[in-house]
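Working notes, beginning with the structure itself.
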Amino acid sequence: MAITVGVVRETTPGERRVALTPEVAKKLKAKGVGLLLESGAGAAASFADAAYKDTEIAADARAVLARSDVLLKVQPPSPEEIGALREGAVVIGYLAPHLAPERTRALRDRRLTAFAMELLPRTTRAQAMDVLSSQANIAGYKAVLIAAEASPKFFPMLTTAAGTIRPSRVLVIGAGVAGLQAIATARRLGAQVDGFDVRPETKEQIQSLGAKFLDLGVSAAGSGGYARELTPEERAQQQAALAEHVKGVDVIVTTAAVPGRKAPRIISKAMVEGMKAGSVIVDIAAETGGNCELTEPGSNVVTANGVTIIGPLNLPASTPIHASEMYARNLYNFLELSIKDGALALDWSDELIAKTCLTHAGEIKHEATRQLVEGTTP
Ligand code: NAD
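In this text, residue positions in the sequence shown follow the numbering used here: the first is -17, and each later residue adds one.
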């Protein structure tokens, strides 16, 4: 039987993305599924109801939730949304399982099949479904634009009749998906860029973007292509080398993260005190506590020595058209694995399905979250 895929308006303050775009609606329709959209769900991302062809528009969220077999979300579902979904329905989106045990419990108790896109394995086959990557790209780009806007200097070198302006010196800390995009964006704006990361393989990636790899003498590759937490000795070494370097930079963009943990503290108060007046720090890690000791998530701080520290939240939502387009394509590529002739067919032998699943049939399927919520080890 053909399933109904539903989408509601995101209600989290500041969220402008939508989990279904007109382009993806068309692709889903071609797969034989029915589509049900809450009126205005795409409005904040500039997608009017009328742009969604062959999509039924419902006046309110309850009507969508009551009839959806699959609900596509950006932000995790609220308790009301979870309560209004039919038992056994599928939810796909960010579920932040490590942050809200009560939400996972509610998804389990409602017997929903919940897929947390954060849990998607980062394999080659999964790349087209990887929301962490697509949205991190946007965050890296936007962080540099925010820094350029807040900086009292030009980024590029300018040779003018009024003399030569030296290019800004930008330091990007953490060279994952967001960091590499930040480096590329700062280079496009003409800045002189240094980047560093604790994973040694990033050296070549940083250099290939025309930036310099800042070698702080610390290498900390962890498992699954991620970084591990630094030891206290490594941290001290990194801090000492970095303190010298930041004295000369105009802009720092920090993107360092360790999966499932608070962001590592890399820029100390003392380092900020050593920076030049007019310098700007944009801390993308603000959402998970910040890479800078002085970051205040969601606001700007100007220190006594004239350094501006910006801790933006939910950067992808500030570029909602492209963020939604990429996010919706990621969800489509994931959902497509489970649609056969318009019906839902979950293949649990597929590791992308099995490992991304958070709850199913009244059980928590992700072991680390199960232990967090149910408090027992196997
Ligand atoms: P992330 O958001 O978890 O972390 C951002 C960066 O911070 C990482 O590069 C990490 O090494 C770095 N970092 C952590 N602690 C640090 C410290 N103390 N100092 C400096 N830097 C620190 O990472 P991400 O952007 O999600 O990507 C992580 C890895 O996953 C990369 O190797 C990336 O290429 C890989 N990846 C693979 C796929 C895929 O194959 N499907 C998709 C996306 C990413």
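Glycine is no exception: its CB is placed at the ideal position from the N, C-alpha and C atoms.
Just so we're clear, the structure is a prediction, and the values are computed from it rather than from any experiment.
Just the C-alpha distance for proline 298 and lysine 8, rounded to the nearest angstrom, thanks. As a working note, residue 298 is residue 316 in the sequence shown. As a working note, residue 8 is residue 26 in the sequence shown. Taking the straight line joining both Cα atoms gives about 24 angstroms.
Would you kindly report the start and end of the unbroken beta strand (DSSP E) that includes histidine 304? If you number the sequence shown from 1, residue 304 lands on position 322. From DSSP, histidine 304 is part of no beta strand (DSSP E) but of the alpha helix (DSSP H) over 302 to 317.
Consult DSSP for threonine 86 and reduce its assignment to one of helix, strand or coil. As a working note, residue 86 is residue 104 in the sequence shown. In the structure shown, threonine 86 sits in a helix (DSSP, three-state: H, G or I).
Hey, is threonine 184 close to the ligand NAD, as in C-beta under 7 angstroms from one of its heavy atoms? Against the sequence shown, residue 184 aligns to sequence position 202. Flag set: Cβ of threonine 184 near the ligand NAD.
Contact defined as beta carbons within less than 8 angstroms: I believe threonine -7 pairs with serine 50. What is the distance between those atoms, to the nearest angstrom? Sequence index remark: in the sequence shown, residue -7 carries index 11 (1-based). Sequence index remark: in the sequence shown, residue 50 carries index 68 (1-based). Threonine -7 to serine 50, Cβ: 16 angstroms. No contact.
Run through DSSP, which three-state label would lysine 322 get? In the sequence shown, residue 322 corresponds to position 340, counting from 1. Secondary structure of lysine 322 (DSSP, three-state): strand.
Taking leucine 313 as the reference, which of Gln117, Lys35 and Ile165 has the closest Cα? The residue given as residue 313 occupies position 331 in the sequence shown. Of Gln117, Lys35 and Ile165, the smallest CA-CA separation from leucine 313 is found for Gln117.
Inter-residue spacing [alpha-carbon to alpha-carbon] between valine 175 and arginine 148: The count along the sequence shown starts at 1 and reaches residue 175 at position 193. The count along the sequence shown starts at 1 and reaches residue 148 at position 166. Roughly 13 angstroms between the two C-alpha positions.
Can you give me the C-alpha to C-alpha distance between serine 261 and isoleucine 234, rounded to a whole angstrom? Stepping through the sequence shown from its first residue, residue 261 is reached at position 279. Stepping through the sequence shown from its first residue, residue 234 is reached at position 252. Straight through space, the alpha carbons of isoleucine 234 and serine 261 are spaced by roughly 8 angstroms.
Alpha carbon to alpha carbon, how far is alanine 32 from methionine 253? Give it in angstroms, no decimals. Translated into the one-based positions of the sequence shown, residue 253 becomes position 271. Translated into the one-based positions of the sequence shown, residue 32 becomes position 50. Our two residues, methionine 253 and alanine 32, have alpha carbons roughly 52 angstroms apart in a direct line.
Which of helix, strand or coil does DSSP assign to threonine 167? Stepping through the sequence shown from its first residue, residue 167 is reached at position 185. Threonine 167 falls in the helix class under three-state DSSP.
In angstroms, rounded to a whole number, what distance separates the CA positions of alanine 172 and methionine 139? Position 190 of the sequence shown holds residue 172. Position 157 of the sequence shown holds residue 139. Here residue 172 is glycine; the residue named in the question, alanine, does not match the sequence. Near 7 angstroms, if we compare the C-alpha coordinates of methionine 139 and glycine 172.
Distance, Cα to Cα, valine 131 vs threonine 290? As a position in the sequence shown, residue 131 is number 149, starting the count at 1. As a position in the sequence shown, residue 290 is number 308, starting the count at 1. The amino acid at residue 131 is misidentified as valine; the sequence shows glutamate. Their backbone Cα atoms lie some 12 angstroms apart in a straight line.
From the DSSP output, in three-state form, read off threonine 146 for me. For the purposes of this step, residue 146 is taken as residue 164 along the sequence shown, with counting starting at 1. Here threonine 146 sits in strand by DSSP.
For alanine 327, three-class secondary structure by DSSP: Within the sequence shown, residue 327 is the residue found at index 345, counting from 1. Coil.
Straight-line CA distance for leucine 162 to leucine 127? Against the sequence shown, residue 162 aligns to sequence position 180. Against the sequence shown, residue 127 aligns to sequence position 145. Each residue's Cα considered, the two are about 14 angstroms apart.
Would you call alanine 310 buried or exposed, if buried means 16 or more other Cβ atoms sit within 10 Å of its Cβ? Taking the first residue of the sequence shown as position 1, residue 310 is located at position 328. Answer is buried; the Cβ neighbour count reaches 16.
Between glutamine 163 and the ligand NAD, is the CB less than 7 angstroms from at least one heavy atom? Taking the sequence shown and counting its residues from 1, one reaches residue 163 at position 181. Glutamine 163 Cβ: outside cutoff for every heavy atom of the ligand NAD.
Within its chain, find whatever has a CB closer than 7 angstroms to the CB of arginine 90; leave out the 5 residues flanking it on each side and keep chain order. Position 108 of the sequence shown, counted from the start, is the residue given in the question as residue 90. Cβ neighbours of arginine 90 beyond the five flanking positions: Thr341, Gly344, Glu345 and Ile346.
Distance between alanine 121 and serine 300 (C-alpha atoms, nearest Å): By 1-based counting over the sequence shown, the position of residue 300 is 318. By 1-based counting over the sequence shown, the position of residue 121 is 139. Looking at the two C-alpha atoms, the distance is approximately 9 angstroms.
Expected contact under 8 angstroms - CB spacing of asparagine 273 and alanine 245 to nearest Å: Within the sequence shown, numbered from 1, the residue matching residue 273 stands at position 291. Within the sequence shown, numbered from 1, the residue matching residue 245 stands at position 263. The C-beta distance from asparagine 273 to alanine 245 rounds to 5 angstroms, short enough to fall under 8 angstroms.
In whole angstroms, what separates the C-alpha of alanine 209 from that of valine 154? The count along the sequence shown starts at 1 and reaches residue 209 at position 227. The count along the sequence shown starts at 1 and reaches residue 154 at position 172. When only Cα atoms are considered, alanine 209 and valine 154 end up about 16 angstroms apart.
Bounding residues of the alpha helix (DSSP H) (the contiguous stretch that carries glycine 122): Within the sequence shown, numbered from 1, the residue matching residue 122 stands at position 140. Note, glycine 122: alpha helix (DSSP H), 113 to 132.
Using CA coordinates, which residue listed in Thr270, Gly293 and Glu269 is at the minimum distance from leucine 276? By one-based count along the sequence shown, residue 276 stands at place 294. If we check each option's Cα against that of leucine 276, Gly293 comes out closest.
Which residues mark the beginning and the end of the alpha helix (DSSP H) in which glycine 365 is found? Outside the displayed span of the chain (-17 to 360) sits residue 365, for which this structure offers no information.
Quick one: which unbroken alpha helix (DSSP H) runs of 4-plus residues sit fully inside the segment 0 to 34? Chain order, please. Here the runs fully enclosed are 4 to 12.
Strictly by DSSP, which residues pair up with isoleucine 346? Taking the sequence shown and counting its residues from 1, one reaches residue 346 at position 364. Residue pairing by DSSP places isoleucine 346 opposite Thr341 in a beta bridge.
Near isoleucine 39, which residues of its chain fall below 7 angstroms by C-beta distance, leaving aside the five closest residues on each side in sequence? As a first step, residue 39 must be located in the sequence shown, where it is residue number 57. Taken in chain order, the residues that qualify are Leu19, Ser21 and Asp31.
Cβ-heavy atom distance, serine 115 to the ligand NAD, below 7 angstroms: For the purposes of this step, residue 115 is taken as the residue at position 133 of the sequence shown. Using a cutoff of 7 angstroms, the CB of serine 115 counts as near the ligand NAD, since one of the ligand's heavy atoms is closer than that.
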